[in-house]
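Just below is one structure, and these are the notes that go with it.
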Amino acid sequence: MDEKNLIKLLRLPAAILDENGNIRLTNPAWEQFGPMVDHGGKEFNELNKFILSPQIKKECQKIWRGKKGSFEYDFRTLSRSYCQLTISKCSDQRMLFQILPSIDSGVITENAVDVLESMIEAFFSLDENWCFTYVNHEAEKVLFKKREELIGQNMWMMFPDAWGTNFEEHYFKTMNEQVPTQFEEYYAPNKSWFSVHAYPNSKGGLSVYFRNINEQKELEHSLWKSANSDHLTGLPNRRFAYESMQNYIDNQQAFTIFFLDLNQFKIINDLYGHDVGDRLIRKIGLRLQKNLPDELTISRLGGDEYLIIVPEELGKSEVHEFGNRVIAMFSQSFILQDRPEIHIDPSVGVSQFPKDGNLVDTLIDKADIAMYEAKKKQSAKAVLYDPVMHESVSRDLIIQQELKRVIERGELEFVYQPQIDATRNWITGVEVLTRWTHPVLGRVSPAEFIPIAETSGMMEKLTRYQLEWCLRKFSEWKQQYSFEGVIAFNISSGLFRNKNFIAFLEEAVFEYQIPFNQIELEITENIQLFSHRESVQTLERLREMGMRVAIDDFGTGYSTLSYLNQFPVDKIKIDKHFTDQIMVDEKGEAILVSIVKLANSLNLDVLAEGVETSEQRDFLLMNGCDDMQGYHFFKPMTLEECKEFYHERVLKQRVPE
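Just so you know, we're using the UniProt record's numbering here: the sequence shown kicks off at 1 and counts up by one.
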């Protein structure tokens, strides 16, 4: 049936509108309705002008785009009774505009009954004693009660759960103040949302139009969820977290935020791919939800960042207690299907309202600063924001900017610390170390600028620069002094997954004609590196070419016997921490001896770092560790010192007694 015939069948005044709110068709009842409208002396076409107004056009656009199910507007007739205009979508191209009748006197005429029963909206009327006087067929369906059950009965007796809700508030306001009201409310017994228009009758009582808007609410909820939920984890997103904090601030409600950033998440993404990274992000979200109270807001800000909002200002001890609780949730590894166990932990920064600021962005920034302080210190505790941290952040930014400049200009320095065989006092190699002296900052420690290079994406450029410069110098030394020892470079584990870097490494060694067996690659312990097949294959290929692989700072990371047995490695370097235990702590000595025996049983070379005394040297020799490195033998030397040293001693490869 076309629109023209359809609209003629409607008993209510009705018009067909296009998407812009322009009238295209009207029915006879529409024309008859004109004289009833109170225009203040104006013609009926004023109603048409209203329909074409910017307000209506705006509402029509919302309906057209699916952002709103319908639009209602109340107005008075010449008899001072109220009518309701309603607009809803009736096809892909048109909208239906209807005028619902007024039942002002509370008396339902035969003609009114016909109209009320043909409406798509539910309707009932009440007398001044809150008793039902009329219920239409649509209301029966919506309320799940027959009209025979309701007529003559008190509304509050029939629907006691409506008492104490918006129904009570607005119905009483309409009856007592003689003004129409419009509202939405959820009625739990029916599990339904209703849009309600209530109008006062001149002789007491109410006329109520209402309709079920569950579908509209579901759409609104779906749109709200889409806008406020993280698509990957289902957790509240950044927008929701920010709005929650703003609401607390507006209400002067103190709160504490815990900013979580996952350590080495980029490595996991690079090792296993983004699909595994996404699954890990979801697992972490689920674990946080499962183990934290429901009243807390747990949101994912994006990437590997989470935010927990605690709706109170915690004391310092409470901050650390809660922070420890969160960090402890990461002590158990994450198991993903068809993947090895993944160990990961967070750095946690904390800020509070109102102590640390009264703007959301300020609080986030300060929690972020505290989080980076925790990351820099490798703290296993939550770090509470302190104003002095701004100085540290400013320094980090300066270091990042200046480091990029000195790498591009080739202004870093390299020093070389010999490695020796203490049984014969022979030099077996040198380890390359990077040094940086800034004209304003002074000497910047590698412990400070290397992590910044890692996180800012400058590590590959720095390592390429180091390799090219040092290999060229090493080639000159080798030709001049026939040195047969190794040159050792510390290589970031992430670079072994970089095919361009590996190609550069091989080409540089070829270019400077250095035998592969004189190149030693030192890698810091990392369980993800050990268990990633592609990285293992790369190292196996480099070893097949003749390069040596050493695990640096052994005993401080994630190495296990099974990984050492499977991983392509030639040497382990015992961390200085264990060397320092000699003559100090018997348990520490026992661990050190166990590491040496472990290496020997696996036919691996073992070198002790940080040897500073003759007692340490003698203990190591007595327990089977011959290779050493430390200030007892040599401090790191500059290029000029190396030239002098090689000129005097490298030909004999002897070290001073």
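Built from N, CA and C at the ideal position, the CB exists for glycine as well.
Everything numeric in this text was worked out from a predicted model, so none of it was measured.
DSSP state of residue i mapped onto helix, strand, coil
| i | result |
| --- | --- |
| phenylalanine 159 | coil |
| valine 584 | coil |
| leucine 403 | helix |
| leucine 235 | coil |
| serine 535 | helix |
| leucine 441 | coil |
| arginine 65 | coil |
| threonine 455 | helix |
| lysine 571 | strand |
| residue 677 | Nothing about residue 677 can be reported from this structure: the residues present for the chain run from 1 to 657 only. |
| glutamate 130 | Residue identity differs from the one stated: residue 130 is tryptophan in this sequence, not glutamate. Coil. |
| tyrosine 209 | strand |
| glutamine 182 | strand |
| glutamate 522 | strand |
| serine 202 | coil |
| isoleucine 502 | helix |
| aspartate 396 | helix |
| methionine 389 | helix |
| aspartate 421 | strand |
| threonine 428 | strand |
| methionine 245 | helix |
| aspartate 250 | helix |
Cβ-Cβ distance between residue i and residue j below 8 Å
| i | j | result |
| --- | --- | --- |
| glutamate 468 | alanine 508 | yes |
| leucine 235 | serine 299 | yes |
| glycine 152 | phenylalanine 132 | yes |
| isoleucine 487 | valine 549 | no |
| threonine 297 | serine 244 | yes |
| lysine 381 | histidine 320 | yes |
| residue 658 | phenylalanine 489 | The structure shown does not extend to residue 658, since the chain is modelled only from 1 to 657, so the question has no answer here. |
| serine 207 | asparagine 201 | yes |
| residue 658 | valine 444 | The requested residue 658 does not occur in the structure, where the chain is confined to residues 1 to 657. |
| serine 392 | isoleucine 257 | no |
| threonine 434 | proline 451 | no |
| leucine 592 | glutamine 581 | yes |
| residue 662 | isoleucine 327 | This structure cannot speak to residue 662, because the chain is shown only from 1 to 657. |
| histidine 170 | phenylalanine 159 | no |
Alpha-carbon spacing of residue i relative to residue j, whole angstroms
| i | j | result |
| --- | --- | --- |
| aspartate 278 | arginine 617 | 49 Å |
| isoleucine 335 | glutamate 341 | 5 Å |
| glycine 106 | valine 179 | With a pLDDT of 46 at glycine 106, under the threshold of 50, the predicted position of this residue should be treated as unreliable, though the coordinate-derived value follows. About 16 Å. |
| alanine 374 | lysine 62 | 48 Å |
| histidine 231 | valine 569 | 42 Å |
| glutamine 518 | methionine 545 | 11 Å |
| arginine 24 | threonine 86 | 16 Å |
| aspartate 104 | tryptophan 30 | Unreliable positioning characterises aspartate 104 in this predicted model, as indicated by a pLDDT of 49, which lies under 50. The coordinate reading is nonetheless provided below. Taking the straight line from one Cα to the other gives about 20 Å. |
| lysine 203 | glutamine 246 | 48 Å |
| isoleucine 16 | asparagine 27 | 9 Å |
| serine 493 | asparagine 228 | 37 Å |
| arginine 287 | valine 383 | 22 Å |
| tyrosine 558 | isoleucine 284 | Unreliable positioning characterises tyrosine 558 in this predicted model, as indicated by a pLDDT of 49, which lies under 50. The coordinate reading is nonetheless provided below. Whole-angstrom Cα-Cα distance: 21 Å. |
| phenylalanine 578 | proline 311 | 45 Å |
| glutamate 185 | lysine 225 | 20 Å |
| leucine 542 | lysine 478 | 22 Å |
| cysteine 60 | arginine 211 | 19 Å |
| threonine 428 | glutamine 419 | 6 Å |
| histidine 137 | arginine 65 | 31 Å |
| lysine 316 | arginine 238 | 26 Å |
| residue 671 | serine 482 | This structure cannot speak to residue 671, because the chain is shown only from 1 to 657. |
| phenylalanine 496 | serine 535 | 6 Å |
| glutamate 305 | leucine 262 | 7 Å |
Residue i CB to nearest heavy atom of the ligand FMN below 7 Å
| i | result |
| --- | --- |
| phenylalanine 210 | Absent from the structure shown: the ligand FMN. Ligands present: none. |
Short CB-CB distance (under 8 Å) between residue i and chain C
| i | result |
| --- | --- |
| leucine 206 | No chain C appears in this structure, which consists of one protein chain only. |
>> So, does the region 606-624 touch the region 380-389, judging by three or more C-beta pairs under 8 Å?
In response: no
> Curious, which full-length beta strand (DSSP E) runs of at least 3 residues does the UniProt domain "GGDEF" (253-387) contain?
Replying inline: 255-262, 297-302, 305-310, 346-353
>> Below 8 Å, how does it come out for the region 243-250 and the region 285-294: are there three or more Cβ pairs, yes or no?
In response: no
>> Could you check whether the region 630-642 touches the region 403-418, counting it as contact only if at least three pairs of C-beta atoms, one from each stretch, sit closer than 8 Å?
In response: yes
> Are the region 618-633 and the region 390-406 in contact at 8 Å, needing three or more beta carbon pairs?
Replying inline: no
> Pairing CB atoms from the region 155-169 with CB atoms from the region 122-131, are three or more of them under 8 Å?
Replying inline: yes
> Which runs of the beta strand (DSSP E), 3 residues or longer, sit entirely within the region 584-617?
Replying inline: 605-608
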